[in-house]
Structures are given as structure tokens and as C-alpha cells.
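Asks: Numbering (the working numbering), first residue to last: 6 to 248. Glycine residues also receive a C-beta, built at the ideal position from the N, C-alpha and C atoms. Next up is a structure, given as C-alpha cells.
See the structure below:
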């Protein structure tokens with residue numbers, strides 16, 4: 006069994022000036038990356054914009070992304086079309102989709118990013134040849150409409166995303182068998198336990214579970230709410246690791 010749990014938080018972010026060629030500042034933290042994982046992750050990240058802030062329009066030539074809005078409200082621009090978004094919404098951006106995020110609210114806007122390589126990268130084209138992409142959607146209120154099957158839009162290994170709510174003192178176990186998992190605590194407190202480690206959970210804590218590992222989450226007195234994403238990992242790799 007592998008128990009190398011990846012633990013991170015958002016409490017000491019980097020300050021970024023002019024994100025994606027826009028004016029102003031943003032904040033950013035890397036919560037997990039390929040190192041120590043076996044699935045097709047590019048990165049799991051946290052980002053923040055002040056009121057009026059912009060993450061400028063850009064396009065990925067080989068990766069696709071999930072955004073999950075944590076706090077605030079704004080507009081996500083997908084291939085030139087603006088969509089209002091707020092905390093609890095999810096956005097899936099397929100390969101080749103131009104996207105930008107604007108904070109239109111009076112308070113900071115923060116969100117999670119899960120970035121993954123696409124399975125079928127598009128051929129390189131000049132800007133004049135680019136065709137509008139339809140591989141992007143906004144999902145209103147993931148709490149009410151989850152779990153969401155990411156395969157409905159994305160080509161890569163990301164599978165289900167959801168928000169889970171544990172009642173006080175309840176527990177749930179995640180076993181990475183042919184999968185890897187990433188969890189981000191939204192509210193409440195609790196603990197995470199592996200075979201040889203215990204981690205205190207509070208708002209802003211992130212856990213990523215590598216292939217072959219097992220973790221159990223326990224909610225504290227006030228319950229525990231968290232975002233949870235599952236990534237497929239080919240089973241032959243798991244059998245090789247266990248050999």
C-alpha cells in the first residue's frame with residue numbers, strides 16, 4: 006500500500022502580477038502536481054482575484070481544465086461569451102477553448118483549478134484558422150447537481166467531481182484503486198488518517214491521494230464539507246506498483 010498523501014493549503018500564496026497578460030495582481034498556490042502521483046495530473050491549484058481583478062483570456066494547446074468557484078462571484082468568458090458564475094459553480098474548459106475570468110463582485114473571488122493533459126490534442130493552427138470550441142460548459146451549483154461526470158466534456162482522465170458534506174463525527178474512506186483523488190476542505194473541521202499519518206483538516210486544506218493509497222476522513226463537531234475529484238489511473242500501472 007502507498008500512503009504518501011500530498012498535503013497542502015492556501016494560507017501562504019504567491020502574489021502574481023499581470024496573470025495571463027492582464028493588469029493587476031492575483032494570488033496563487035500549487036496544491037499538487039505530477040511529482041509523487043501516477044495519474045495524468047498537470048496540477049491542482051488555488052487562485053484568487055481582488056474585486057475588479059481579471060485572469061486574462063488564454064487558450065491551452067494540450068491541456069483541459071476544471072474550475073470550481075470557492076468564494077465570490079464573477080464572469081467566465083468562454084470563446085467570447087460571458088457567463089455569470091458564483092461560489093459553488095463549476096466550469097469545464099475543453100482543449101482549445103479560450104477562457105478568461107473576471108471578478109465582478111465587491112469581494113475577492115477564489116477558485117480551484119484542476120488541469121490535465123487532453124487525450125486528443127488538437128493540431129496546431131494559426132489564429133486565423135482557429136474554430137470556436139464547443140467543449141466548455143458552466144455547471145450551476147455543483148452541490149445541488151453533483152456528482153458531475155467530467156467525461157461529458159473533457160477527453161482526459163478526470164472522472165467525477167462533487168461536493169460532499171459529512172455530518173458531525175461521520176467518516177468516509179477513499180481507496181485509490183485504479184484512481185487517484187484530490188480533496189479540498191470548504192468548511193468545517195476534521196481529521197484525515199492514513200496507515201501512518203494523521204492530518205488536521207480545516208477550511209483551505211487540500212489532500213491528494215496517490216495510486217494504491219487509502220485515506221479516511223472524519224468530520225469534527227461542526228461537520229465537514231469538501232470538494233472531491235476522482236482521476237482514472239490505468240490498472241496495469243497499479244498492478245506493477247503492487248508487484
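According to DSSP, which residues form a beta bridge with residue 1?
Replies: Residue coverage of the chain in this structure runs from 6 to 248, which leaves residue 1 outside it and unanswerable.
Asks: Quick check on residue 104: buried or exposed, where buried means 16 or more other Cβ atoms within 10 Å of its Cβ?
Replies: By the 10 Å Cβ count, residue 104 comes out buried.
Asks: Quick check: the Cα distance between residue 182 and residue 235, rounded to an integer number of angstroms?
Replies: The straight-line gap from Cα to Cα measures roughly 11 Å.
Asks: Which residues mark the beginning and the end of the alpha helix (DSSP H) in which residue 145 is found?
Replies: First-last for residue 145: undefined, no H or E at that position.
Asks: Can the beta-carbon of residue 47 be found closer than 8 Å to that of residue 113?
Replies: The answer is no: Cβ separation not under 8 Å.
Asks: Determine the DSSP secondary structure at residue 111, reduced to helix, strand or coil.
Replies: Coil, per DSSP.
Asks: Would residue 74 pass as a contact of residue 212 if the rule is Cβ separation under 8 Å?
Replies: No, these two residues do not count as a Cβ contact at 8 Å.
Asks: Would you tell me roughly how many angstroms separate the C-alpha atoms of residue 224 and residue 108, rounded to the nearest one?
Replies: So the alpha carbons of these two residues sit roughly 32 Å apart.
Asks: Tell me the start and end of each unbroken alpha helix (DSSP H) in the segment 11-83 that is at least 4 residues and wholly inside, in chain order.
Replies: None, since the segment 11-83 contains no complete alpha helix (DSSP H) of that length.
Asks: Once DSSP output is grouped into helix, strand and coil, what is the label at residue 92?
Replies: In this structure, residue 92 counts as coil in the three-state DSSP scheme.
Asks: Output needed for residue 168: all residues of its chain with C-beta closer than 8 Å, excluding positions within five of it in sequence on either side, in chain order.
Replies: Excluding sequence neighbours, residue 168 sits near 93, 147, 148, 151, 191, 230, 231, 232, 233.
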